[in-house]
Amino acid sequence: MQRRSRSLLCLLALLLLAPPTGAPLAASTTSTGSEVELDRLKSAVNQQVRDALQVSRELGVHIVEVHSGREVYSYRGETPRIAASNTKLATSAAALNRLGPGFFFETPVKLRGETRDGVLFGDLGVVGGGDPNISGRHYLGDPFGAFREWAAALRARGVRQIAGEIVLASGFFDKQYVHPDWPENQLDRWYEAPVAALSFNDNCVLVEVRPTGGEQAEVVLTPQLPLFRVGGQVDITGRSREQSVRIGRRTDVRDLRMLRTYNVYGRIYQRSAPVDKWVTVHDPIAYFGAALVRGLQEEGIVVHGKVVEANRLEGADWRPLLVHRSDLLTTLDVVNKRSQNFYSESVIKLLGARHCGEGSWPAGTRAVGEFLDAAGVDRGWSLADGSGMSRGNRFAPRQLTQVLRYMFRHRWGAEFVRTLPYSGEAGLSWHDRLDEAPYGGNVLAKTGTLNGVSTLSGFAKGRSGTLYAFSILCNRTTANWRAKRAQDSILRALIDHG
Numbered sequence: 009m010q011r012r013s014r015s016l017l018c019l020l021a022l023l024l025l026a027p028p029t030g031a032p033l034a035a036s037t038t039s040t041g042s043e044v045e046l047d048r049l050k051s052a053v054n055q056q057v058r059d060a061l062q063v064s065r066e067l068g069v070h071i072v073e074v075h076s077g078r079e080v081y082s083y084r085g086e087t088p089r090i091a092a093s094n095t096k097l098a099t100s101a102a103a104l105n106r107l108g109p110g111f112f113f114e115t116p117v118k119l120r121g122e123t124r125d126g127v128l129f130g131d132l133g134v135v136g137g138g139d140p141n142i143s144g145r146h147y148l149g150d151p152f153g154a155f156r157e158w159a160a161a162l163r164a165r166g167v168r169q170i171a172g173e174i175v176l177a178s179g180f181f182d183k184q185y186v187h188p189d190w191p192e193n194q195l196d197r198w199y200e201a202p203v204a205a206l207s208f209n210d211n212c213v214l215v216e217v218r219p220t221g222g223e224q225a226e227v228v229l230t231p232q233l234p235l236f237r238v239g240g241q242v243d244i245t246g247r248s249r250e251q252s253v254r255i256g257r258r259t260d261v262r263d264l265r266m267l268r269t270y271n272v273y274g275r276i277y278q279r280s281a282p283v284d285k286w287v288t289v290h291d292p293i294a295y296f297g298a299a300l301v302r303g304l305q306e307e308g309i310v311v312h313g314k315v316v317e318a319n320r321l322e323g324a325d326w327r328p329l330l331v332h333r334s335d336l337l338t339t340l341d342v343v344n345k346r347s348q349n350f351y352s353e354s355v356i357k358l359l360g361a362r363h364c365g366e367g368s369w370p371a372g373t374r375a376v377g378e379f380l381d382a383a384g385v386d387r388g389w390s391l392a393d394g395s396g397m398s399r400g401n402r403f404a405p406r407q408l409t410q411v412l413r414y415m416f417r418h419r420w421g422a423e424f425v426r427t428l429p430y431s432g433e434a435g436l437s438w439h440d441r442l443d444e445a446p447y448g449g450n451v452l453a454k455t456g457t458l459n460g461v462s463t464l465s466g467f468a469k470g471r472s473g474t475l476y477a478f479s480i481l482c483n484r485t486t487a488n489w490r491a492k493r494a495q496d497s498i499l500r501a502l503i504d505h506g
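Just add 8 to the spot in the sequence shown (first one is 1) and you have our numbering.
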């Protein structure tokens, strides 16, 4: 608790270094001191960069003072590298700039028909708005939490049964649920979840394998829906070293039954804790519909009709029941602190829909690109998706420090900075990195990881109180864990001598 308190104090101190909202960029407001001190800083950082070159064959580093804009250090800072999840910095910055911190995702729920004796002789309609937050994440782990609120609204209207259909209007986003650049052999992994205008539970199912007293393990899906089935089996073994459990889903077939089958194989030790894995769904709209029906049924609302998908709700006879809302800042917390790809991709498709008239990856990347141009970010970057899962996302370190510096001085800069994880923050990827004094809480940065790629960009406060924006992009790494150590060493040198 003491370390966490120190970290929070350091975080607040970092935020207080920001100039007043709307203040113009000064030619020089803070500095590292004399040229001798600057040379010492460059020398210390350069030593760590030389060491980092032993673990990253394609390295780029750029460091600037946030308030003055003075370049402190650059090693191939102009060369574009694969950015991985540092791409989320551009996506979240564009979202805050274009939408503002008061923006809410909206999912209207509507009715049509008459209600008599507790029966709605008509339909329930849901209009997708791209909200990624309809899940157990925000309802204490209850995946049906949002739908329970919808059921309460129906009961308040006297509805106990729906005789007609559940109509899901999903035309706000396009039907390309999975980005073509994403590795096909990882499409069942949570970080490649499909992206649609109506999504539920991060478009994943939790598959849990539990040892039993018998010969075979129990397999539990959460949520449990008739849409899915389990294939294969896991045997019980009395030897812990024999444990090997494989969980997944076929993604390379056209058979809908196989696409909805969660396969489990192997052995589990009889005294083992449960083994679980989040696995993607094939059809997010069908998943949303099946979950909605189940959630309503659990609250006593019986649905007699089918679930149907439409581009929009046709006709003028729909009347509002409620509007489900989720705020942008909570979403961006998940994007940057949790590095949740699905959330980031939902945001970039939202930007495409609202600002380019099409909820697609091409439109979304165009919207982010227009923001980068308006922010004065140097040309030469390339953007393929919103999360960095595609290796087509390439930024030079200097371009990322330009984004960071622009957003720090933005009128919503404090909101942007607070979405970044800080060094030593419990429960996140930073919890065991730079968590000791004087580094704990003095770095706020976004991590990024792909095979052979480790990236880190954000803000760091030196011992002198000077605030820096930095970007360290390690490509073609010998091992990502070594690259992370090298990044931390560079930041220690920056903080110690800055």
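Cβ coordinates follow ideal geometry from the N, Cα and C atoms, glycine included. Keep in mind it's a predicted model, so treat the numbers as computed, not measured.
Residue(s) in a DSSP beta bridge with residue i
i           : result
residue 479 : 70 and 465
residue 197 : 287
residue 122 : 129
residue 428 : Answer is none; residue 428 lacks a bridge partner.
residue 328 : 118
residue 227 : 217
residue 335 : 112
residue 274 : 242 and 253
residue 237 : 269
residue 506 : Looking at the DSSP assignment, residue 506 forms no beta bridge with any residue, so it has no partner.
residue 310 : 169
residue 318 : 177
residue 454 : 465
residue 90  : 402
residue 390 : 402
residue 64  : 485
Proximity to residue i [Cα-Cα], best of the options
i           : options               : result
residue 164 : 192, 182 and 123      : 123
residue 96  : 78, 356 and 127       : 356
residue 125 : 167, 176, 297 and 177 : 167
residue 139 : 306, 479, 264 and 335 : 335
residue 290 : 204, 461 and 283      : 204
residue 384 : 412, 359 and 314      : 412
residue 279 : 217, 488, 396 and 369 : 217
residue 248 : 112, 58 and 277       : 277
residue 245 : 228, 220 and 395      : 220
residue 82  : 150, 105, 51 and 106  : 51
residue 439 : 421, 112, 496 and 300 : 496
residue 141 : 476, 462, 374 and 333 : 333
residue 175 : 453, 391, 326 and 418 : 326
residue 242 : 64, 225 and 461       : 225
Alpha-carbon spacing of residue i relative to residue j, whole angstroms
i           : j           : result
residue 467 : residue 399 : 24 angstroms
residue 255 : residue 211 : 17 angstroms
residue 367 : residue 135 : 14 angstroms
residue 469 : residue 344 : 20 angstroms
residue 499 : residue 53  : 8 angstroms
residue 388 : residue 425 : 25 angstroms
residue 493 : residue 485 : 12 angstroms
residue 431 : residue 91  : 20 angstroms
residue 381 : residue 410 : 11 angstroms
residue 446 : residue 359 : 39 angstroms
residue 102 : residue 331 : 25 angstroms
residue 192 : residue 262 : 14 angstroms
residue 455 : residue 108 : 24 angstroms
residue 118 : residue 133 : 5 angstroms
residue 104 : residue 450 : 23 angstroms
residue 551 : residue 475 : Absent from the structure is residue 551, since the part of the chain shown begins at 9 and ends at 506.
residue 155 : residue 266 : 28 angstroms
Close Cβ partners of residue i (< 7 angstroms) along its chain, the five nearest in sequence each way excluded
i           : result
residue 85  : 68, 69, 70, 404, 405 and 406
residue 240 : 271, 272 and 273
residue 121 : 128, 129, 130, 131 and 172
residue 488 : 457 and 462
residue 233 : 298, 299 and 302
Residue i: first and last residue of the uninterrupted alpha helix (DSSP H) it sits in
i           : result
residue 410 : 405-416
residue 53  : 43-60
residue 565 : Nothing about residue 565 can be read from this structure; the chain reaches only from 9 to 506.
residue 157 : 153-164
residue 95  : 95-107
residue 373 : 369-382
Beta-carbon contacts of residue i that lie in its chain and below 6 angstroms, excluding the five residues immediately before and after
i           : result
residue 196 : 256, 257, 259, 287 and 288
residue 414 : 383
residue 347 : 93
residue 373 : 391
residue 111 : 336
residue 202 : 185, 186, 211 and 292
N-terminal and C-terminal residue of the beta strand (DSSP E) that residue i is part of
i           : result
residue 354 : Looking at the DSSP string, residue 354 is not in any beta strand (DSSP E); the run it does join, the alpha helix (DSSP H), is 349-364.
residue 295 : Looking at the DSSP string, residue 295 is not in any beta strand (DSSP E); the run it does join, the alpha helix (DSSP H), is 292-306.
residue 79  : 79-83
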